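Under mature numbering (1 follows the signal peptide of the UniProt record, and there is no 0), read the sequence shown as residues -22 to -1, 1 to 308, first letter to last.
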Amino acid sequence: MKPTALLIAAAVCALVPSGLLAAEPAGTKASKPEKALEQQAGGASGSAVDPTRFGKKTSDPAFGAFQRGLYITAYNLALPRAEKGDPAAQTLVAEILSRGLGVARKPAEAAEWYGKAAEAGIPEARFQFALILIDGKYAGKDPDRAFALMESAADTGHRLAAFNLAQMLIDREPGPRGLEKAIPWYEKAAKAGLADAQYAMAQLYENGVGGLNDDAKALSYLTLAARQNFDTAQLDLATWLVEGRLGKPDYEAGFAWMKRAAESGNVAAQNRLAKLYVYGLGTEPDPILAAAWYIIARRVGLRDVEMDDFLQGLTPEEQKTAIERANRLR
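Below is the structure:
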């Protein structure tokens, strides 16, 4: 699957920010939303996982052990039941094996268990097995079956399945018609709290795609995604606030969001935060911090002529101090 931003870009012509926070030089990109598959596979620890994803049997010792982080115990308790055909236990075993929680990571074996649980109708298993069928590494590639499984999981309210289904619809039918079919699924995933989907909806509302054209709603979705530490949304929200896209600029709030995005590693935000420090927007002017944040961004390949000139205008002592500060900020 492709990242959200790439798929939306296929149907939406992105707007380029103007003014002080102009887009970075060519070749520089803000960090993109990760693939939903990667998010699921590398998600939160077991204690933060909603056990109802595995099916209805969530109160027995195996699931209790999983929730407490006792993964080997959970595996040993669930495996006999999985072998007897319990789909909830099969899904739990697959989860443990796919992520290597307390045991050796065995994605091929996990795929088999997900496949069995998917046949039994467990939404999480159908979602995971759909991704496996799309990838084709641990099961035969089968895009049609993957689509059917993803749609089935999405119909139950599985937010990652809804998000991925939206992307699959766009992949299957590029252009306005595919996007029109995808929007309701993006919206369902967004309303269920998925930050990727909230950011996608913000882009759609901002750019007037599929009959959606509402900057206020775009801002609302950006804010929801930003509050979930989605750094690209934080960057965009900060830019909107600083530029006063919906009225009077709010420099302090814009600075705060830009700083959060920069601190999370968003390179574009690091460069724009440097400019806020240069001009004292939302904060006191601070040439050392401005230089430090630009140095951090430049170390990973970003170049900005305006900021290069600013950096060269500092005294050798100021440049040395800025480098030392940049080293401490990382």
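No residue lacks a Cβ here, since even glycine has one placed at the ideal position from N, Cα and C. Note that this is a predicted model, so its numbers are computed, not measured.
Of all the options the options, which has the alpha carbon lying nearest to the alpha carbon of residue i?
i, options, result
"A211", "E230, T69, W235, A300", "W235"
"S76", "A98, F107, I161", "F107"
"L127", "A247, I273, Y116, L111", "L111"
"Y92", "Y177, D192, I74, T134", "I74"
"H136", "E165, G153, P152", "E165"
"L254", "L267, V245, S242", "L267"
"L202", "L48, E241, K169, A86", "K169"
"R59", "K226, A95, R238", "A95"
"L219", "R250, N142, R277", "R250"
"A52", "K62, L79, G63, F208", "L79"
"Q145", "G118, D120, K119, L109", "L109"
"A67", "G99, I301, A139, K119", "G99"
"R223", "A40, A196, A139", "A196"
"N305", "F44, R276, E262, L292", "R276"
"R281", "A252, L138, A56", "A252"
"I50", "V71, F141, Q290, D38", "V71"
"T134", "L143, G258, A216, P101", "P101"
"G291", "V256, G279, A246", "V256"
"V245", "P263, V278, K159, N142", "V278"
"G260", "K237, D193, R104, G42", "K237"
"K84", "A56, Y116, A103", "Y116"
"Y199", "D38, E302, Q181, R46", "Q181"
"P65", "G243, R104, Q248", "R104"
"residue 359", "P154, F141, R150, N191", "In this structure the chain extends from -22 to 308, so residue 359 is not present and cannot be described."
"A56", "F41, G47, Q248", "F41"
According to DSSP, is residue i helix, strand or coil?
i, result
"D193", "helix"
"K84", "coil"
"I100", "coil"
"R46", "coil"
"N54", "helix"
"D38", "coil"
"E90", "helix"
"A1", "Only weak support exists for where A1 lies, its pLDDT of 37 falling under 50; the value from the coordinates is given anyway. Looking at A1 - three-state DSSP - the assignment turns out to be coil, as it is neither helix nor strand."
"A19", "Low per-residue confidence applies at A19: pLDDT is 33, beneath 50, and the placement is therefore not dependable, though the value from the model is reported in the following sentence. A19 falls in the helix class under three-state DSSP."
"T201", "helix"
"E61", "helix"
"L188", "Just to set this straight, residue 188 is Gly in the shown sequence, not Leu. The answer is helix: DSSP assigns G188 an H, G or I state."
"Q206", "coil"
The alpha helix (DSSP H) with residue i in it runs from where to where?
i, result
"F233", "229 to 241"
"P65", "65 to 77"
"D287", "283 to 290"
"Q176", "173 to 185"
"N249", "245 to 257"
"T217", "209 to 221"
"R276", "265 to 277"
"T299", "294 to 307"
| Validate contact between the segment 186 to 197 and the segment 168 to 176 using beta carbons, cut 8 Å, 3 pairs | no
| message | Does the segment 252 to 272 come into contact with the segment 285 to 302, if we say contact requires no fewer than three beta-carbon pairs (one atom in each stretch) closer than 8 Å? | response | yes
| field | Every unbroken alpha helix (DSSP H) inside the segment 106 to 171 [4 residues or more] | value | List check, alpha helix (DSSP H) in window: 121 to 133, 137 to 150, 154 to 169.
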